[in-house]
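For reference, the structure is listed below as structure tokens.
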Amino acid sequence: DTEVTQTPKHLVMGMTNKKSLKCEQHMGHRAMYWYKQKAKKPPELMFVYSYEKLSINESVPSRFSPECPNSSLLNLHLHALQPEDSALYLCASSRNSGWDIQYFGAGTRLSVL
Amino acid sequence: GENVEQHPSTLSVQEGDSAVIKCTYSDSASNYFPWYKQELGKRPQLIIDIRSNVGEKKDQRIAVTLNKTAKHFSLHITETQPEDSAVYFCAASPNNAGNMLTFGGGTRLMVKP
């Protein structure tokens, strides 16, 4: 099973809302990632968790707050977002944080009004 | 940090022809180079990857070549089929940054039947 599951598939939120994106994998992977992908652009790395600890934060604004409750789950908490934050948010996982294949979820398409 | 340039941005070929996509990278410490295929509205999926200790890797109709001296790598697809139509992304990961992928800008490949 190489499935990374993301919920919800679509999310519309206002700039004052608080929402969360969820990502789950059951492949026993110990590294998980959040990427942001704007239309017709490549994925851009936001955060990396390795063994449930945040190892990389690519200078992402504090209105994005990641959380890794356990080795199978990764959340991205959203608060006070801006319209320019509208994008596809992709979660990925890999066996570890070395040079292992990253498996991507289908993403959450976020619209901020 | 790493910078990955990808060319061409669009590529149109006739079914059965070959397609070549080229990428250059800036960080000589990069040692892992995956290629992802992303169909419209779907998740990126790994199609092939190569590590710096190998100059070429082939998987059926797909091959990747790596020139570490020149800091460039290429994707070759032979006998293209309509289902190969998608956006292809190259990526690079430096040796000292775990699995932190930097993606190229993407190539939209269109295979005409």
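Line by line, the protein sequences are chains A and B.
Just so you know, we're using the working numbering here: the first sequence kicks off at 1 and counts up by one.
Just so you know, we're using the working numbering here: the second sequence kicks off at 1001 and counts up by one.
Cβ atoms here follow ideal geometry from the backbone N, Cα and C, with glycine treated the same way.
If you run the structure through DSSP and keep just helix, strand and coil, what is residue i?
i                  : result
Asp1084 of chain B : helix
Pro1034 of chain B : strand
Pro69 of chain A   : strand
Thr16 of chain A   : coil
Ser93 of chain A   : strand
Gln102 of chain A  : coil
Ser1028 of chain B : coil
Lys22 of chain A   : strand
Glu3 of chain A    : coil
Ser1012 of chain B : strand
Leu1101 of chain B : coil
Arg30 of chain A   : coil
Glu1005 of chain B : strand
Ser1018 of chain B : coil
Leu1109 of chain B : strand
Leu114 of chain A  : The question about residue 114 of chain A has no answer here: the residues shown for chain A are numbered 1 through 113.
Exposed or buried, residue i, counting other C-beta atoms within 10 Å across all chains shown (16 or more means buried)?
i                  : result
Ser50 of chain A   : buried
Lys1058 of chain B : exposed
Leu78 of chain A   : buried
Pro42 of chain A   : buried
Asn1099 of chain B : buried
Arg1043 of chain B : buried
Leu76 of chain A   : buried
Pro66 of chain A   : buried
Gln102 of chain A  : buried
Gln1038 of chain B : buried
Thr108 of chain A  : buried
Gly105 of chain A  : buried
Ser62 of chain A   : exposed
Hey, residue i and residue j are a contact pair by Cβ (cut 8 Å); roughly how many whole angstroms apart?
i                  : j                  : result
Ala87 of chain A   : Lys38 of chain A   : 5 Å
Ser111 of chain A  : His29 of chain A   : Not a contact, Cβ separation roughly 29 Å.
Pro1082 of chain B : Pro1113 of chain B : 5 Å
Tyr1122 of chain B : Glu1002 of chain B : Absent from the structure is residue 1122 of chain B, since the part of chain B shown begins at 1001 and ends at 1113.
Leu1075 of chain B : Ile1021 of chain B : 5 Å
Tyr1032 of chain B : Ile1047 of chain B : Contact flag wrong, Cβ pair sits at about 15 Å.
Phe1089 of chain B : Phe1073 of chain B : So it is not a contact: roughly 13 Å between Cβ atoms.
Taking 8 Å as the cut-off, decide whether the C-beta atoms of residue i and residue j are in contact.
i                  : j                  : result
Ser55 of chain A   : Ser20 of chain A   : no
Thr16 of chain A   : Ala80 of chain A   : yes
Lys1071 of chain B : Ser1028 of chain B : yes
Gln1006 of chain B : Gly1105 of chain B : yes
Ser72 of chain A   : His26 of chain A   : yes
Thr1078 of chain B : Ser1012 of chain B : no
Ala1063 of chain B : Val1004 of chain B : no
Trp99 of chain A   : Ser1093 of chain B : yes
Leu1066 of chain B : Val1054 of chain B : yes
Lys53 of chain A   : Met46 of chain A   : no
Leu74 of chain A   : Met32 of chain A   : yes
Leu48 of chain A   : Leu113 of chain A  : As written in the sequence, residue 48 of chain A is Val, which differs from the Leu given in the question. No, Cβ-Cβ distance for Val48 of chain A and Leu113 of chain A is not below 8 Å.
Val1087 of chain B : Arg1061 of chain B : no
Thr1069 of chain B : Gly1016 of chain B : no
Lys22 of chain A   : Thr7 of chain A    : yes
- prompt: Could you give the uninterrupted runs of the beta strand (DSSP E) lying entirely in the stretch 1037–1093 of chain B, keeping only those of 3 residues or more?
  reply: 1045–1051, 1056–1059, 1062–1067 and 1072–1077
- request: Can you check the stretch 32–86 of chain A for any alpha helix (DSSP H) of at least 4 residues that lies completely inside it and give the ranges in chain order?
  value: none
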